[in-house]
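See below for the structure under consideration.
Residue numbers (this note's numbering): 4 to 241.
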(Lines of atoms letter the chains of each structure in order from A and count residues from 1; the text may use other names and numbers.)
(Lines give C-alpha, C1' and ligand atoms only; values in the text may rest on other atoms or scores of the structure.)
Protein backbone atom coordinates (compact mmCIF):
# COMPACT_ATOMS: atom_id res chain seq x y z
CA UNK A 1 0.00 0.00 0.00
CA UNK A 2 1.26 3.47 -0.84
CA UNK A 3 2.14 5.74 2.07
CA UNK A 4 -0.66 8.21 1.36
CA UNK A 5 -3.24 5.45 1.00
CA UNK A 6 -2.28 4.17 4.45
CA UNK A 7 -2.45 7.70 5.90
CA UNK A 8 -5.87 8.31 4.39
CA UNK A 9 -7.14 4.94 5.59
CA UNK A 10 -5.94 5.83 9.10
CA UNK A 11 -7.76 9.17 8.79
CA UNK A 12 -10.99 7.47 7.70
CA UNK A 13 -10.78 4.89 10.50
CA UNK A 14 -9.68 7.41 13.15
CA UNK A 15 -6.55 5.33 13.70
CA UNK A 16 -3.91 7.36 15.58
CA UNK A 17 -0.48 7.55 13.96
CA UNK A 18 2.73 8.66 15.65
CA UNK A 19 5.93 9.82 13.97
CA UNK A 20 9.37 10.62 15.34
CA UNK A 21 11.24 13.43 13.62
CA UNK A 22 14.96 12.71 13.15
CA UNK A 23 17.21 15.72 12.56
CA UNK A 24 20.05 14.61 10.23
CA UNK A 25 22.15 17.50 11.50
CA UNK A 26 22.23 15.80 14.90
CA UNK A 27 22.11 12.14 13.83
CA UNK A 28 24.80 10.16 12.02
CA UNK A 29 24.05 6.96 10.05
CA UNK A 30 25.97 4.85 12.55
CA UNK A 31 23.58 5.99 15.30
CA UNK A 32 20.51 4.67 13.48
CA UNK A 33 20.53 1.14 14.89
CA UNK A 34 20.71 2.27 18.52
CA UNK A 35 18.10 4.95 17.89
CA UNK A 36 15.67 2.53 16.27
CA UNK A 37 16.18 0.02 19.06
CA UNK A 38 14.51 2.57 21.36
CA UNK A 39 11.45 2.52 19.09
CA UNK A 40 10.80 -1.22 19.23
CA UNK A 41 7.45 -2.09 20.81
CA UNK A 42 6.35 1.57 20.91
CA UNK A 43 3.34 3.24 19.24
CA UNK A 44 5.60 4.85 16.60
CA UNK A 45 4.33 4.21 13.06
CA UNK A 46 6.51 6.48 10.89
CA UNK A 47 9.86 8.26 10.85
CA UNK A 48 10.33 11.76 9.44
CA UNK A 49 13.81 12.93 8.47
CA UNK A 50 14.72 16.56 7.98
CA UNK A 51 15.77 19.82 9.58
CA UNK A 52 15.59 23.55 9.02
CA UNK A 53 19.32 24.06 8.45
CA UNK A 54 20.82 20.66 7.49
CA UNK A 55 23.38 20.77 4.66
CA UNK A 56 25.39 17.58 5.32
CA UNK A 57 26.31 14.78 2.87
CA UNK A 58 25.02 11.77 4.82
CA UNK A 59 21.25 12.06 4.32
CA UNK A 60 20.89 9.03 2.02
CA UNK A 61 23.02 6.82 4.26
CA UNK A 62 21.03 7.87 7.33
CA UNK A 63 17.69 7.19 5.65
CA UNK A 64 18.83 3.76 4.45
CA UNK A 65 20.02 2.81 7.93
CA UNK A 66 16.79 4.04 9.53
CA UNK A 67 14.68 2.04 7.07
CA UNK A 68 16.73 -1.10 7.63
CA UNK A 69 16.85 -0.80 11.41
CA UNK A 70 13.25 0.27 12.03
CA UNK A 71 11.18 -1.41 9.33
CA UNK A 72 8.99 1.72 9.39
CA UNK A 73 8.07 4.05 6.52
CA UNK A 74 10.63 6.87 6.33
CA UNK A 75 9.42 10.18 4.93
CA UNK A 76 11.51 13.22 4.08
CA UNK A 77 10.56 16.41 5.90
CA UNK A 78 12.84 18.83 4.06
CA UNK A 79 13.72 22.32 5.19
CA UNK A 80 15.40 22.92 1.84
CA UNK A 81 15.21 21.49 -1.68
CA UNK A 82 18.69 20.03 -1.25
CA UNK A 83 17.38 17.69 1.49
CA UNK A 84 16.08 15.13 -1.00
CA UNK A 85 17.17 11.51 -1.42
CA UNK A 86 15.50 8.64 -3.27
CA UNK A 87 16.43 6.37 -0.37
CA UNK A 88 13.24 7.44 1.46
CA UNK A 89 9.76 6.03 0.96
CA UNK A 90 8.23 9.42 0.32
CA UNK A 91 8.46 13.15 0.85
CA UNK A 92 6.22 15.68 2.53
CA UNK A 93 6.33 18.23 -0.29
CA UNK A 94 5.83 21.28 1.89
CA UNK A 95 4.41 24.68 1.03
CA UNK A 96 4.49 27.21 3.89
CA UNK A 97 0.92 28.50 3.66
CA UNK A 98 1.03 30.43 6.93
CA UNK A 99 3.63 32.87 5.58
CA UNK A 100 3.91 35.08 2.54
CA UNK A 101 7.54 34.46 1.63
CA UNK A 102 7.55 33.23 -1.99
CA UNK A 103 10.77 31.29 -1.35
CA UNK A 104 8.86 28.80 0.80
CA UNK A 105 5.48 29.10 -0.91
CA UNK A 106 6.75 28.08 -4.37
CA UNK A 107 10.42 28.83 -5.13
CA UNK A 108 11.87 25.94 -3.11
CA UNK A 109 9.32 23.67 -4.78
CA UNK A 110 10.39 24.82 -8.25
CA UNK A 111 14.01 24.04 -7.34
CA UNK A 112 12.98 20.60 -6.08
CA UNK A 113 10.81 19.77 -9.11
CA UNK A 114 13.59 18.47 -11.41
CA UNK A 115 14.93 16.30 -8.58
CA UNK A 116 11.51 14.79 -7.95
CA UNK A 117 10.21 14.53 -11.50
CA UNK A 118 11.94 11.26 -12.38
CA UNK A 119 12.42 9.95 -8.85
CA UNK A 120 10.64 6.99 -7.31
CA UNK A 121 9.71 8.95 -4.21
CA UNK A 122 6.04 9.08 -3.31
CA UNK A 123 5.24 12.79 -3.27
CA UNK A 124 2.77 13.97 -0.62
CA UNK A 125 1.70 17.59 -1.26
CA UNK A 126 1.49 19.15 2.20
CA UNK A 127 0.17 22.51 3.37
CA UNK A 128 2.49 23.61 6.18
CA UNK A 129 1.17 26.05 8.80
CA UNK A 130 3.44 27.51 11.45
CA UNK A 131 1.53 28.26 14.66
CA UNK A 132 2.59 30.74 17.34
CA UNK A 133 4.24 28.80 20.17
CA UNK A 134 5.64 31.32 22.64
CA UNK A 135 9.15 31.51 21.21
CA UNK A 136 10.84 32.16 17.88
CA UNK A 137 11.45 28.81 16.20
CA UNK A 138 14.00 27.70 13.62
CA UNK A 139 11.30 27.56 10.94
CA UNK A 140 10.30 31.14 11.70
CA UNK A 141 13.92 32.32 11.56
CA UNK A 142 14.84 30.48 8.37
CA UNK A 143 11.64 31.30 6.49
CA UNK A 144 11.49 34.91 7.63
CA UNK A 145 7.75 34.56 8.26
CA UNK A 146 5.44 35.08 11.21
CA UNK A 147 3.35 32.21 12.59
CA UNK A 148 -0.43 32.21 12.71
CA UNK A 149 -1.89 33.48 16.00
CA UNK A 150 -2.56 30.62 18.40
CA UNK A 151 -5.77 32.30 19.64
CA UNK A 152 -7.44 32.37 16.21
CA UNK A 153 -8.36 28.78 15.31
CA UNK A 154 -10.84 29.87 12.65
CA UNK A 155 -8.13 31.67 10.65
CA UNK A 156 -5.94 28.56 10.86
CA UNK A 157 -8.88 26.45 9.70
CA UNK A 158 -9.54 28.68 6.69
CA UNK A 159 -5.84 28.68 5.79
CA UNK A 160 -5.82 24.89 6.01
CA UNK A 161 -9.01 24.68 3.96
CA UNK A 162 -7.45 26.89 1.27
CA UNK A 163 -4.59 24.39 1.16
CA UNK A 164 -7.01 21.49 0.74
CA UNK A 165 -8.85 23.32 -2.04
CA UNK A 166 -5.52 23.98 -3.76
CA UNK A 167 -4.99 20.21 -3.86
CA UNK A 168 -2.85 19.56 -0.80
CA UNK A 169 -3.28 15.99 0.44
CA UNK A 170 -2.08 16.69 3.98
CA UNK A 171 -2.12 19.66 6.36
CA UNK A 172 0.63 20.03 8.96
CA UNK A 173 0.15 22.31 11.99
CA UNK A 174 3.63 23.10 13.33
CA UNK A 175 4.41 24.78 16.64
CA UNK A 176 8.11 24.44 15.83
CA UNK A 177 11.12 22.60 17.17
CA UNK A 178 11.57 23.26 20.87
CA UNK A 179 8.29 25.20 21.07
CA UNK A 180 7.23 26.45 24.49
CA UNK A 181 3.60 25.61 23.73
CA UNK A 182 2.07 22.94 21.52
CA UNK A 183 -0.64 23.72 18.98
CA UNK A 184 -3.82 24.46 21.00
CA UNK A 185 -6.30 21.59 21.15
CA UNK A 186 -9.14 23.92 20.15
CA UNK A 187 -7.22 24.82 16.99
CA UNK A 188 -6.54 21.15 16.18
CA UNK A 189 -10.24 20.37 16.60
CA UNK A 190 -11.41 23.33 14.51
CA UNK A 191 -9.00 22.55 11.68
CA UNK A 192 -9.75 18.81 11.76
CA UNK A 193 -13.50 19.42 11.61
CA UNK A 194 -13.02 21.70 8.59
CA UNK A 195 -10.85 19.34 6.54
CA UNK A 196 -11.55 16.19 4.57
CA UNK A 197 -7.87 15.15 4.51
CA UNK A 198 -5.45 13.90 7.19
CA UNK A 199 -4.08 16.41 9.70
CA UNK A 200 -0.54 16.21 11.10
CA UNK A 201 0.38 18.07 14.30
CA UNK A 202 3.85 18.61 15.75
CA UNK A 203 5.99 20.83 17.95
CA UNK A 204 6.04 21.30 21.71
CA UNK A 205 4.61 17.85 22.45
CA UNK A 206 6.51 16.28 25.32
CA UNK A 207 4.28 13.65 26.93
CA UNK A 208 2.04 10.75 26.03
CA UNK A 209 -0.89 12.68 27.52
CA UNK A 210 -0.27 15.48 25.01
CA UNK A 211 0.03 12.96 22.18
CA UNK A 212 -3.27 11.36 23.12
CA UNK A 213 -4.99 14.75 23.53
CA UNK A 214 -3.86 15.85 20.06
CA UNK A 215 -5.19 12.61 18.58
CA UNK A 216 -8.49 12.99 20.40
CA UNK A 217 -8.79 16.57 19.14
CA UNK A 218 -8.57 15.33 15.55
CA UNK A 219 -4.93 14.87 14.53
CA UNK A 220 -4.38 11.80 12.37
CA UNK A 221 -0.62 11.88 12.95
CA UNK A 222 1.26 13.43 15.85
CA UNK A 223 4.97 14.19 15.48
CA UNK A 224 7.49 14.36 18.31
CA UNK A 225 11.07 15.48 17.85
CA UNK A 226 12.75 17.38 20.65
CA UNK A 227 11.23 15.19 23.38
CA UNK A 228 12.76 12.05 21.87
CA UNK A 229 15.96 13.86 20.88
CA UNK A 230 16.53 14.98 24.48
CA UNK A 231 15.49 11.63 25.93
CA UNK A 232 15.97 8.57 23.68
CA UNK A 233 14.26 6.55 26.43
CA UNK A 234 11.12 8.70 26.10
CA UNK A 235 8.84 5.74 25.43
CA UNK A 236 10.32 3.37 28.00
CA UNK A 237 9.98 6.12 30.62
CA UNK A 238 6.22 6.35 30.10
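Beta carbons: idealized from backbone N, C-alpha and C, even for Gly.
Straight-line gap, residue i to residue j (C-alpha atoms, nearest Å)
| i | j | result |
| --- | --- | --- |
| residue 58 | residue 28 | 8 angstroms |
| residue 238 | residue 117 | 39 angstroms |
| residue 158 | residue 36 | 42 angstroms |
| residue 41 | residue 235 | 7 angstroms |
| residue 129 | residue 93 | 12 angstroms |
| residue 147 | residue 7 | 30 angstroms |
| residue 136 | residue 183 | 6 angstroms |
| residue 142 | residue 98 | 12 angstroms |
| residue 73 | residue 119 | 25 angstroms |
| residue 190 | residue 164 | 13 angstroms |
| residue 109 | residue 103 | 10 angstroms |
| residue 149 | residue 204 | 18 angstroms |
| residue 209 | residue 26 | 17 angstroms |
| residue 76 | residue 225 | 15 angstroms |
| residue 223 | residue 43 | 21 angstroms |
| residue 132 | residue 34 | 31 angstroms |
Close Cβ partners of residue i (< 8 angstroms) along its chain, the five nearest in sequence each way excluded
| i | result |
| --- | --- |
| residue 161 | 197 |
| residue 79 | 51, 52, 53, 66, 86, 87, 88, 91, 93, 94, 95 and 124 |
| residue 200 | 11, 14, 167, 171, 172, 173 and 174 |
Top-ranked residue by Cα proximity to residue i, from the options
| i | options | result |
| --- | --- | --- |
| residue 218 | 16, 39 and 9 | 16 |
| residue 152 | 144, 114, 101 and 107 | 101 |
| residue 257 | 39, 81 and 55 | No statement about residue 257 is possible, as the shown extent of the chain runs from 4 to 241 and does not include it. |
Spatial neighbours of residue i in its chain, beta-carbon cut-off 6 angstroms, leaving aside the 5 residues before and after
| i | result |
| --- | --- |
| residue 178 | 134, 136, 185, 186, 206 and 207 |
| residue 32 | 61, 64, 65 and 68 |
| residue 220 | 188, 191 and 192 |
| residue 48 | 20 and 21 |
Contact set for residue i: own chain, Cβ-Cβ below 7 angstroms, skip 5 residues either direction
| i | result |
| --- | --- |
| residue 46 | 21 |
| residue 229 | 180 and 181 |
**Request:** Can you check the segment 80-159 for any alpha helix (DSSP H) of at least 4 residues that lies completely inside it and give the ranges in chain order?
**Result:** 111-120 and 141-146
**Item:** Completely contained alpha helix (DSSP H) runs for the segment 184-215, where each covers 4 or more residues
**Value:** 188-197
**Request:** Give, in chain order, every unbroken run of the beta strand (DSSP E) that is at least 3 residues long and sits entirely within the segment 10-37.
**Result:** 20-25
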